[in-house]
Amino acid sequence: MHNEGSRHYDPVIEEEANWLGPALLVSEEAAKHIARMSLPVAKASEVYGVSEDLMRMRLNVTGALIRAARRATG
Numbered sequence: 000m001h002n003e004g005s006r007h008y009d010p011v012i013e014e015e016a017n018w019l020g021p022a023l024l025v026s027e028e029a030a031k032h033i034a035r036m037s038l039p040v041a042k043a044s045e046v047y048g049v050s051e052d053l054m055r056m057r058l059n060v061t062g063a064l065i066r067a068a069r070r071a072t073g
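Just so you know, numbering that gives the first Met the number 0 puts 29 at position 30 of the sequence shown, and the rest follows in order with no gaps.
Next up, the structure:
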């Protein structure tokens, strides 16, 4: 906080928070499970209480969809 009462904006900390929040809401293990079960994004989002955009981001960032596809083709 600044003396005027306004918040200090640190772009590095904000960027970390943008990644940490979603990771806490949908862990890598959860993303892999969702992909293995072929759970639709809409249903997974509902189950985890997150937006479809956040769910898609976690499925992509973790590589869960690619891993599940590789596992399925054996």
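Think of the CB as a built atom: it goes at the ideal place given N, C-alpha and C, for glycine as much as any other residue. These numbers were taken from a predicted model, which means no experiment stands behind them.
Give the DSSP-derived three-state secondary structure of residue 56 in the structure shown.
Along the sequence shown, read from residue 1 onward, the residue named residue 56 stands at position 57. Helix at residue 56.
Within 10 angstroms of its Cβ, does residue 6 collect 16 or more other Cβ (buried), or is it exposed?
Within the sequence shown, the letter at position 7 stands for residue 6. When all chains shown are included, residue 6 counts as exposed.
Below 8 Å on the Cβ atoms is my contact criterion, and I expect residue 66 with residue 34 to pass it. Report the Cβ-Cβ distance as a whole number of Å.
The residue you call residue 66 lines up with position 67 of the sequence shown. The residue you call residue 34 lines up with position 35 of the sequence shown. Yes, residue 66 and residue 34 are in contact; Cβ-Cβ is about 7 Å, under 8 Å.
Taking its Cβ as the centre, do 16 or more other Cβ atoms sit within 10 Å of residue 58, making it buried, or is it exposed?
As a working note, residue 58 is residue 59 in the sequence shown. Label assigned to residue 58: buried.
CB-CB under 8 Å to residue 53, same chain, minus the five flanking residues each way: which ones, in chain order?
Here residue 53 is taken as the residue at index 54 of the sequence shown, counted from 1. 21, 24, 25, 44, listed in sequence order.
Answer yes or no: do residue 27 and residue 72 have a C-beta to C-beta separation smaller than 8 Å?
As a first step, residue 27 must be located in the sequence shown, where it is residue number 28. As a first step, residue 72 must be located in the sequence shown, where it is residue number 73. Going by C-beta atoms, residue 27 is not nearer than 8 Å to residue 72.
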